[in-house]
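Reviewing the structure listed below.
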Amino acid sequence: MTVATRFAPSPTGLLHLGHAYSALLAYEAARSAGGRFILRIEDIDTGRCREEFVAAIEEDLGWLGLEWERPVRRQSEHMADYRAALDRLEDMGLLYRCFLSRRELDAALSAPHYQPMQGPEGPVVVDTDRLMPAGERAERLASGEPFALRLRMAAAIERVGPVVWTDDRHGEQVATPEVFGDVVLARKDTPTSYHLAVVVDDALQGVNRIVRGEDLFQATHVHRLLQALLGFESPIYSHHPLLTDARGRRYAKRDRSLTLQELRKAGRISADIRTMVGL
Ligand code: GLU
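The sequence shown begins at 77 in the numbering used here and counts up by one.
The following block contains the structure:
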């Protein structure tokens, strides 16, 4: 089977050394196997994504010496694909509407009788529809109020049974998506979510090897569940450690001086970047 990897940045800032490390690892994993390398622009968050960063990403990756398949898939252009996946989950009876605003949810969660566990994305919320009387839900729906779509986690897990995945750095993993609670799969402002879009895209693009940072390790629990529900094959994962600066801090978009653009302006060449990230 042809290996297919991808680098999937969100165009919300300039790429820094941490991105270069991740992109180079994904690229080398494809190249060394004679496989495919995909660049995907994850721009569902239209409020935070900017066109100039899309251009900068392509410029930086080209400068690094990477080559990728064209055309480049942009998530914002494929909402129909995410809708189709939501329809399938809806047909399985696994989605429900959540009208609660962040503030309403926080208020409900701080009620003394409701003591949610903490999960990787905050409090583990389940059955948020039951926090609102049916009459109020019907009224809000009738008045056209936006809602999020949440996955009924317990029912979803019951439907597919235990799900596993292989991480070539961390070994065999048994997915425990329940720690995420009823994840949001379509947001109020965007008719999809990161989790859904990434799973659908990886399947549609034939990505079978996912090389990405350890900060997304936990998210894989949810991704594996969604893959199992939607009948997608499990890719092999490789969650790499996150690069840190001399002070042990993770590189972040705030570190302007370590963006690839700044390093290039300072006279660095792409071979320097490989050395700086230890490749
Ligand atoms: N778009 C995500 C990010 O910028 C990465 C998605 C992924 O690798 O699954 O962090």
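From the three backbone atoms N, C-alpha and C, an ideal C-beta is built for every residue, glycine too.
For the ligand GLU, the residues with a Cβ under 6 Å from any of its heavy atoms are, in chain order, Ala84, Pro85, Ser86, Glu118, Val274, Arg288 and Leu292. Comparing alpha-carbon positions, the option among Thr335, Ala322 and Val202 lying closest to Phe129 turns out to be Thr335.
Cβ neighbours of Arg213 within its own chain (closer than 8 Å, five residues either side excluded): Arg173, Phe175 and Asp205.
The shortest C-alpha to C-alpha distance from Ala184 to any of Arg300, Glu197, Arg164 and Leu207 is the one to Leu207. Between Val275 and Val240, the alpha-carbon positions lie close to 15 Å from each other. Taken atom to atom, the span from the alpha-carbon of Glu153 to that of Thr296 is near 24 Å. Note on geometry: alpha-carbon atoms of His299 and Asp278 lie some 10 Å from one another. Taking C-beta separations shorter than 7 Å and ignoring five residues to either side along the sequence, the partners of Ala304 in its chain run Val236 and Val239, following chain order.
When the five nearest sequence neighbours on each side are left out, the beta carbons in the same chain lying within less than 6 Å of the beta carbon of Ala273 are those of Ile120, Gln151 and Tyr158, in order along the chain. Looking at the DSSP output, Gln194 bridges to Pro199. DSSP places His92 in the strand class (E or B) of the three-state scheme.
By the neighbour-count criterion, in which a residue is buried when 16 or more other Cβ atoms sit within 10 angstroms of its Cβ, Tyr313 is buried.
The residues Tyr97, Ser98, Leu101, Arg245, Val287, Arg288, Gly289 and Glu290, in chain order, have a CB closer than 8 Å to that of His316 in the same chain once the five nearest residues on each side in sequence are set aside. Annotated as proximal: Asp258 and Val201, with beta-carbon spacing under 8 Å. Nearest to Gly282 by C-alpha distance, out of Thr268, Arg112, Thr88 and Gly94, is Arg112. Note on geometry: alpha-carbon atoms of Ala161 and Phe293 lie some 23 Å from one another.
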